[in-house]
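Here is the structure we will look at, set down as structure tokens.
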Amino acid sequence: MVTANVTISDLGVPSYEVDALRTFKVQAIEVPGTRTSDSETGIFRNILSPQALVTSYSHLKTVHDFVENGIKTNPDGPCLGRRVIVGRDAKTGQPIWSGYMWQTYRKVGERRLDFGRGLVKIYSELGCGSASDKWNLGLYSFNRPEWIIAEWGAIAFSNATVALYDTLGPEAAEYILYHADVPILVTTADKVPSILTLVPKLPKLKAIIIMESVDLTASIKGDVTAVGPNAVLKGWGAEKGVAIYDFAEVEGIGRGNPIPVRPPGPEDVWCLCYTSGTTGNPKGGVLSHSNLVACHRYTEVVIPCKKDDVHMSYLPLAHVYEKMFIASFYVHGAAIGFSRGDVALLMEDIAVLRPTVFASVPRLLNRIYDKILQGALESGSAVKASLFRTALDTKTQNLKQGKLTHPIWDRVVFGKIKALLGGRVRAIISGSAPLSPEVMSFLRAAFGVEVLEGYGATETTAGLSITWGGDYTAGHVGPPYASNEIKLVSVPEMSYHARDNKGEIWVRGANIFKGYYKDPEKTAEALTPDGWYKTGDIGSVDAKGRISIIDRKKNIFKLSQGEYVAPEK
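Residue 271 in numbering that gives the first Met the number 0 is what sits at position 272 of the sequence shown, and the numbering runs on without skipping anything.
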């Protein structure tokens with residue numbers, strides 16, 4: 000692992016309203032005296048933290064602290080919500096879904112401790128190790144309340160989590176379970192049969208906990224709503240030497256094991272986030288509790304949350320983007336509702352939940368953009384289409400003057416559009432990939448809310464920069480986080496030079512990961528000895544200190560005759 004040699008502090012950053020942020024002429028500065036080489040720019044820091052980087056709060060140092068703070072802030076408020084099937088349509092047989100049904104913070108707080116104590120008991124009784132060990136709990140499921148309860152339960156006893164997800168493929172799932180030494184996996188019943196086939200190659204896996212009670216036949220058919228005994232699965236697991244438990248069963252075991260909580264420290268591992276590469280096995284990014292806290296410390300300045308906020312959780316919890324964003328809500332005791340896990344039903348879930356801040360990705364935002372345009376310009380009359388164009392043009396021009404809303408067009412033309420996201424969203428956040436300037440400007444005009452774009456990676460705990468509210472330009476990803484600093488390093492073989500404020504983005508700070516799990520070689524390639532993470536992205540920094548992503552560093556080789564060649568070509 001690499002320890003960053005960087006000056007950091009426990010200084011807080013002040014909260015700024017959008018109007019106040021507009022008063023800053025620049026958003027980041029190049030620290031005087033730090034440009035010491037022709038091959039690198041100086042160090043750029045956020046204007047809110049030019050002297051020292053932000054690390055944490057005085058009273059919140061870990062994710063466990065975040066959870067406790069949420070419970071204390073809003074004990075009887077809604078914590079985790081889901082929709083359930085309450086019947087079937089008499090004619091079509093289609094399921095009839097409830098509205099969102101909630102568990103309070105108090106109830107979830109009790110359940111996570113029961114579950115965490117149950118995990119410790121099972122771990123020691125199955126011979127995995129001592130009850131005082133720190134180990135990695137596996138999670139393999141779409142987003143649902145049990146995921147959060149299991150994660151919080153593990154964290155309460157200083158254990159980390161490692162997530163699997165389908166897009167990595169079955170070989171990657173086997174690799175992650177083996178590589179991360181996962182002794183206990185929490186998953187859904189439909190995944191148990193495939194996991195059991197891998198058991199001969201997973202000597203450390205001793206237990207599987209099923210999030211719901213379903214019989215084997217239903218799980219094979221993918222009907223995860225059917226209720227039935229797990230006898231067949233448990234018998235199959237016994238044959239393989241793996242104990243299988245129901246989720247509620249583990250909670251019961253925990254209630255009979257009233258051991259004291261063993262909270263983690265700031266530098267304990269919070270989670271391992273495995274990322275897919277272009278070649279080879281996935282790499283497991285090691286993220287500490289302090290990484291998450293540092294990232295959130297600045298995120299909440301730009302996107303402040305409070306206990307009456309509502310979050311729609313549908314982006315994969317296996318990715319750090321959703322994990323970081325959801326923490327921004329539960330630390331304040333805000334409500335977290337889960338989609339039903341079906342992309343085709345997502346917009347309906349959003350309309351029912353009515354989130355207040357909407358975190359998304361360009362792929363979905365592009366679909367929303369296309370749907371709105373198609374409905375406005377192709378499905379209605381020529382008069383309505385003309386009215387829509389006029390309203391959109393007016394609001395787009397107003398954005399250039401710093402005006403986000405319009406007293407007439409927001410009510411007459413864009414009211415129904417706002418209802419697509421439930422009608423009370425105050426901000427839309429885009430991350431994971433670039434959002435086109437055209438779509439960003441359109442969303443700002445159509446919804447009349449702040450649309451922010453973030454940039455980062457697993458290795459930066461999701462974020463390293465984000466645009467500011469009130470800045471209605473596009474084509475950049477804002478200034479660096481107040482918890483990290485950046486510099487640009489020349490890539491001469493691609494004709495990017497630091498003297499032009501262009502180069503590979505290197506980032507350093509309290510939110511930067513500790514390295515790749517059990518992979519010192521890849522860690523050394525990604526992290527310098529003094530803590531700089533090499534993103535592999537080519538960027539530029541404008542006069543206001545805002546970062547733009549302009550290219551991706553390629554594997555380029557220099558031939559003997561001096562010519563540079565990219566093997567991809």
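Note that the Cβ used here is the ideal one computed from N, Cα and C, for glycine as well. The structure presented is a predicted model; accordingly, all values stated were derived computationally and were not measured.
Closer than 8 angstroms by C-beta to residue 59: which residues in its own chain qualify, once you throw out the five before and the five after it? Chain order, please.
Taken in chain order, the residues that qualify are 65, 68, 292 and 330.
What residue range does the beta strand (DSSP E) around residue 137 cover?
Residues 135–139.
At the level of alpha carbons, what is the spacing between residue 107 and residue 144?
Their Cα atoms are separated by approximately 9 angstroms.
Expressed to the nearest angstrom, what Euclidean distance is found between the alpha-carbon atoms of residue 282 and residue 318?
So the alpha carbons of these two residues sit roughly 13 angstroms apart.
Should residue 307 go down as buried or exposed, given a rule of 16 or more other Cβ atoms within 10 Å for buried?
Exposed is the call here.
Using the three-state DSSP reduction, which class does residue 336 fall into: helix, strand or coil?
Residue state, collapsed to three classes: strand.
Does the beta-carbon distance from residue 432 to residue 361 come in below 8 angstroms?
Closer than 8 angstroms, so yes.
Compare the C-alpha of residue 399 against each of 472, 48, 352 and 311 and name the closest.
Residue 472 is the option with its Cα nearest to residue 399.
Quick one: which unbroken alpha helix (DSSP H) runs of 4-plus residues sit fully inside the region 134–185? Chain order, please.
Segments of the alpha helix (DSSP H) lying fully in the region 134–185: 144–154 and 169–178.
Per the contact definition of three or more C-beta pairs closer than 8 angstroms, is the region 443–451 in contact with the region 510–521?
The region 510–521 vs the region 443–451: no contact.
Quick one: what does DSSP say residue 321 is sitting in, helix, strand or coil?
Helix at residue 321.
Is residue 551 helix, strand or coil by DSSP?
Residue state, collapsed to three classes: strand.
Under 8 angstroms by Cβ, that's how I've got residue 183 and residue 209 pegged, so tell me the actual separation to the nearest angstrom.
At roughly 12 angstroms, the Cβ-Cβ gap does not stay under 8 angstroms, so residue 183 and residue 209 are not in contact.
On a Cα-Cα basis, can you pick out the residue from 232, 483, 252 and 80 that is closest to residue 296?
Of 232, 483, 252 and 80, the residue nearest in Cα terms is 483.
Which word fits residue 549, buried or exposed, when buried means at least 16 other C-beta atoms lie within 10 angstroms of its C-beta?
Label assigned to residue 549: exposed.
By how many angstroms is the C-alpha of residue 456 removed from the C-alpha of residue 523?
If I take the Cα positions, the gap works out to 17 angstroms.
Residue 32 to residue 467, Cα distance in whole Å?
Near 27 angstroms, if we compare the C-alpha coordinates of residue 467 and residue 32.
Could you spell out the range, first to last residue, of the alpha helix (DSSP H) harbouring residue 427?
No alpha helix (DSSP H) contains residue 427, which is instead part of the beta strand (DSSP E) from 426–429.
Between 75, 82 and 135, which lies nearest to residue 104 when the distance is taken from Cα to Cα?
Minimum Cα distance to residue 104 is reached at 75.
Could you round the C-beta distance between residue 176 and residue 236 to whole angstroms and report it? I think they count as a contact, below 8 angstroms.
About 15 angstroms separates the two Cβ atoms, so there is no contact after all.
Opposite residue 537 in the DSSP bridges: which residues?
For residue 537, which the question treats as bridged, DSSP gives the partners 503 and 550.
If we ignore side chains and look at the alpha-carbon of each, how far apart do residue 546 and residue 41 end up?
For residue 546 and residue 41, the distance between alpha carbons rounds to 14 angstroms.
For residue 126, which residues from the same chain have a beta carbon less than 8 angstroms from its beta carbon, with the 5 sequence-adjacent residues on both sides left out?
Closer than 8 angstroms at the Cβ level, and outside the excluded window around residue 126, lie 205.
Rounded to a whole number of angstroms, what is the C-alpha to C-alpha distance between residue 214 and residue 149?
Because the pLDDT of residue 214 is 44, which lies under 50, any placement of that residue in the model is unreliable, and the question is left without a value.
Do residue 311 and residue 462 have their C-beta atoms within less than 8 angstroms of each other?
Not in contact: residue 311 and residue 462 (Cβ atoms no closer than 8 angstroms).
Rounded to the nearest angstrom, what separates residue 371 and residue 416 at their Cα positions?
Answer to the nearest angstrom: the Cα atoms are 7 angstroms apart.
Once the 5 residues before and after residue 221 are set aside, which same chain residues still bring their CB inside 8 angstroms of it?
Only weak support exists for where residue 221 lies, its pLDDT of 44 falling under 50; the value from the coordinates is given anyway. Hits under 8 angstroms: 189.
Would you say residue 320 and residue 338 are within 8 angstroms of each other, going by their C-beta atoms?
Not closer than 8 angstroms, so no.
In three-state DSSP terms, what is residue 286?
Three-state result, residue 286: strand.
In three-state terms, what does DSSP make of residue 486?
Note: residue 486 maps to strand in three-state DSSP.
Quick check on residue 87: does DSSP put it in helix, strand or coil?
In this structure, residue 87 counts as strand in the three-state DSSP scheme.
Should residue 139 and residue 186 be called a contact, given that it needs their Cβ atoms to be closer than 8 angstroms?
Yes, these two residues count as a Cβ contact at 8 angstroms.
Helix, strand or coil: how does DSSP classify residue 311 here?
Correct three-state label for residue 311: strand.
Any idea what DSSP makes of residue 532, helix, strand or coil?
Residue state, collapsed to three classes: strand.
Which residue from 513, 498 and 454 puts its Cα closest to that of residue 535?
For residue 535, the nearest C-alpha among the options comes from 454.
Going by other Cβ atoms of all chains shown within 10 Å of its Cβ, with 16 needed for buried, is residue 268 buried or exposed?
The residue in question, residue 268, is buried, as its Cβ has 16 or more Cβ neighbours within 10 Å.
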